[in-house]
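For reference, the structure is listed below as C-alpha cells.
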Amino acid sequence: MSSFSPTQIFEEGTTEEKGENARLAAFVGAIAVGDLVKSTLGPKGMDKILQSASTAEIMVTNDGATILKSIALDNAAAKVLVNISKVQDDEVGDGTTSVAVLAAELLREAEKLVDKKIHPQTIIEGYRIASQAALQALEQSAVDHSKNPEAFEKDLIAIARTTLSSKVLAQDRDLFARLAVDAVLRLKGSSDLSHIQIIKKAGGKLSDSYLDEGFILDKKIGVNQPKRLEKAKILVANTSMDTDKVKIFGARMKVSATSKLAELEKAEKDKMKAKVEKIKAHGINCFINRQLIYNWPEQLFTDAGIMSIEHADFDGIERLALVTGGEIASTFDHPDQVKLGHCDLIEEVIIGEDTLIRFSGVAAGQACTIVLRGATDQLLDEAERSLHDALAVLSQTVKEPRTTLGGGCAEMLMAKAVEGAATRVEGKKQMAVASFAVALRQLPTILADNAGLDSSDLVARLRKAIYDGMSTYGLDLMTPGGGIADMRDIGVIESYKLKKAVVSSASEAAESRAEEKGEALGKKFDPQNRDMEWKVMMYYTIDHAIPNVTRIDDQLEPPLNSVNPQVMGNESKKGILGTSQSDTCFGMFSC
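If you count the sequence shown from 1, you need to add 18 to reach this note's numbering.
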C-alpha cells in the first residue's frame, strides 16, 4: 500500500494561521490601529507627521481617515478599521477617528471576554443588544430645532465650532464656522458640495480667509482680451485648439520648396480658423477650454471680441459648467444642440500676488467660493481638509436636523442606557452588554487624557452627574484645569447622524472581527510590492507608545505584554503595521 504525500493546495508563499494565532492577529491588528490614532481625538488631540516614501513630501494632519489611508497595513482586521473610517468620511465627513477608536475599544473588551472562555457568538449577541440600547438612548436625547430657523442656525454654528475645535482651524473656529454655515445654507438643503469651491493661496494669515459669493477660477484671461465682461454667454469646451502649428516630431514631409511648407502651415491655420468660426456661431462672448489655446486661435477670439480662457483643468470646467448651467462641448457642428452657460459678470480679481477670474451671478445661485489664506502649503492643505469636514457635517445636518451633545455627554448617556439593558439580560450575554458600556466610556476618557487632565476623576464625576439626571453635562476641556459643564450652555453640539454612524459602524466592525472562525490565509508580506505610497515616519514618545502590541511572529513567545513597540526592527517583516523601504517600522510622532 503506497503512502500518500501531503498535497499543497495553497499558492506558494501563502501563510496559514489557525485558532489562537488567527484570533490574536485579528484583535491585535485592530487594537493597534485604534491606539495609533486615538492621540488625535478631541480638541486637544495631537497632529501626525507623515512622509511620502517616494517623494519625501510632508503631510501634517490629525484627520483619522487621512492618517489611516496613508499607512501600509498587513493585517485584515486593521484594514477593516481603515475601511469603516473611510466610509464614515464619505458618508458624514467627520467622526473618522472616533469610529476607529470605538471599534478598537470594543475589540479590546471582546478579547477580555474571550479570555474568560465566553464564546464569540455570545459576545456578538450581547453587542447587538447593547448597540440597540445605545442607539435608542441617543435618539431619545436628540433635539430638532429645524422648525425654528434662528435656533437651527445657532445649532449649525455650534456644530461647525465643535467640528473645527479639533482641527488646525481651532484658533479661528468662530470665523470658519460662520463661513461654513453661510456656504452650506446657500445650498438650500442640497448636500452637493461641488457648488462650493475652495481656493488655497499661500500668504497672509488663516484669519484673512473669506467667502466670495461667486465662482472663482484659478486661471488667466487671454492676452489683449477684455478683463471685464457683463451678461456673459459661456461655451465650456474640451477640444484641441493647438493645430495651427505643423507637427514636426513623428512626421515626415517632402516639399520641393520652402513655400510649400508655408502652404501647409497656412492650411493648418485655415482649418483652425474654420473651427473658430464654428465656435463663434454659437453666439457667445466667452470661450473656456480645458486644453491649451495657441496664439493663432487666441488672436482670432480677440479680434472677435470674445474672452477666452485656456487650460482650465477637468475638475474646474466640470464645476464651472455645473454652476453656470452649461454643458461641456467637444464638437461644434450643431450650435442649437449645445447648452451654454450664463452669468452676470466675469472679471479679474487679485488675491495675494495672483490674478484669478471671478464669475458672479451664475445660474446656480447657491455657488460660492471660500478663499483660504495661510503661511505654508501644508497648513493650507490641512485647513482645506478641516473645512471640508465641517462642510460635509453641516450639509448632512441640514438633511437630518437632529442634534446631540458632545464632550462625552452622548457617550455617557448611551453607556448608562446600555448598563441598564445589561441588568435585563441573563447569562454570559450580560457581561458582553456591560463591556459595550465600558468601551463607550473610553471615548470621554481618551478626550480627557489627550487634554492632559485627570481622566479618572473627570469621567467619574461626569458619570455621577449623568446618573443624577444631569443629562446635558459633559467634559469641559477648554477651561484651565478641566471640569464638567452643561454642553448646551457652552455650545458643544454635534450632529445626531454623525454619532449614530459612529456607534453603528464601530459595533458592526467589532462584531465582524469577533466572529472570525479562527483561521486566516494571506500571502507573505512583501515590503517592496504594495499599493500604499506613504510610509509612516513615526517616533513614539513614552506617553503614546502602543500598549500590548505584538507582531505575528512573536505570538507564541514571548507573551503579549512583553513586546516593546518603541522600535520594531528589521525582523518585523510580518508586523501589524507595514514596513518602510528599509524594512523598518517606526513609531508615529505626535506634535
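All residues carry an ideal CB built from backbone N, CA and C; glycine is no exception.
Please read these numbers as outputs of a predicted model, since none were measured by experiment.
- Valine 451 and alanine 478 have their C-alpha atoms spaced approximately 20 Å apart.
- Of all alpha-carbon atoms in Val202, Gly221, His163, the one lying nearest the alpha-carbon of histidine 213 is that of Val202.
- Residue state for methionine 432 is assigned as helix, using DSSP reduced to three classes.
- Contact fails between the region 430-438 and the region 223-241, because fewer than three Cβ pairs, one in each stretch, are under 8 Å apart.
- For tyrosine 145, the uninterrupted alpha helix (DSSP H) run begins and ends at 138-159, by DSSP.
- If you draw a straight line from the Cα of serine 489 to the Cα of glutamine 150, it is about 19 Å long.
- Taken through DSSP and simplified to helix, strand or coil, alanine 255 comes out as strand.
- As for any alpha helix (DSSP H) of minimum length 4 sitting wholly inside the region 339-426, the runs are 395-417, ordered along the chain.
- Beta-bridge annotation (DSSP): threonine 276 is not paired with any residue.
- A direct Cα-to-Cα measurement between valine 78 and valine 443 gives close to 46 Å.
- Separation of the CB atoms of leucine 253 and alanine 347 is rounded to 6 Å, and the pair is thereby assigned contact status at 8 Å.
- Closest in C-alpha terms to alanine 255, from the list His329, Leu235, Ser184, comes His329.
- With at least 16 other beta carbons inside 10 angstroms of its own, aspartate 173 counts as buried.
- Looking at Thr394, His406, Gly301, the one whose alpha-carbon comes closest to that of serine 209 is His406.
- The residues Ala169, Phe170, Asp173, in chain order, have a CB closer than 6 Å to that of histidine 163 in the same chain once the five nearest residues on each side in sequence are set aside.
- Between alanine 410 and aspartate 112, the C-beta gap is smaller than 8 Å, which places the two residues in contact.
- One thing to note: valine 98 has its Cβ no nearer than 8 Å to the Cβ of serine 523.
- With a cut-off of 8 Å on Cβ pairs, the region 462-477 is in contact with the region 51-60, counting three or more such pairs.
- In the DSSP annotation of this structure, the continuous segment of the alpha helix (DSSP H) that includes isoleucine 484 starts and ends at 473-485.
- Apart from sequence neighbours up to five positions away, the residues of its chain that approach valine 161 with a beta-carbon distance below 7 Å are Arg420, Thr421, ordered along the chain.
- In this structure methionine 505 touches glycine 492 by the C-beta definition: roughly 4 Å separates them, less than 8 Å.
- The beta carbon of leucine 279 sits closer than 7 Å to those of Val273, all from its chain and outside the five residues before and after it, given in chain order.
- With a contact defined as Cβ atoms closer than 8 Å, valine 367 and serine 116 miss out at about 39 Å.
- Leucine 68 and alanine 40 have their C-alpha atoms spaced approximately 30 Å apart.
- From the listed residues Ala118, Ala220, Lys130, the smallest Cα separation to glutamate 400 is found for Ala220.
- A contact is defined here as three or more CB-CB pairs under 8 Å, and the region 236-254 fails this definition with respect to the region 384-393.
- Contact check for threonine 114 and aspartate 81: beta-carbon distance about 6 Å, within the 8 Å limit, so the pair qualifies.
- The continuous alpha helix (DSSP H) containing glutamate 123 extends over residues 114-133.
- In the three-state scheme derived from DSSP, where H, G and I count as helix and E and B as strand, tyrosine 228 is classed as strand.
- If you compare the alpha carbons of Ala455, Glu418, Leu182 with that of arginine 146, the shortest gap goes to Ala455.
- Secondary structure note for threonine 79: its beta strand (DSSP E) is the uninterrupted segment 76-79.
- Scanning its chain for C-beta atoms nearer than 7 Å, with the 5 sequence neighbours on each side dropped, one finds around aspartate 372 the residues Lys219, in chain order.
- Between aspartate 190 and isoleucine 217, the beta carbon gap of about 17 Å keeps them out of contact (Cβ cut-off 8 Å).
- Secondary structure of lysine 172 (DSSP, three-state): helix.
- Here methionine 325 carries a strand assignment [DSSP, helix/strand/coil].
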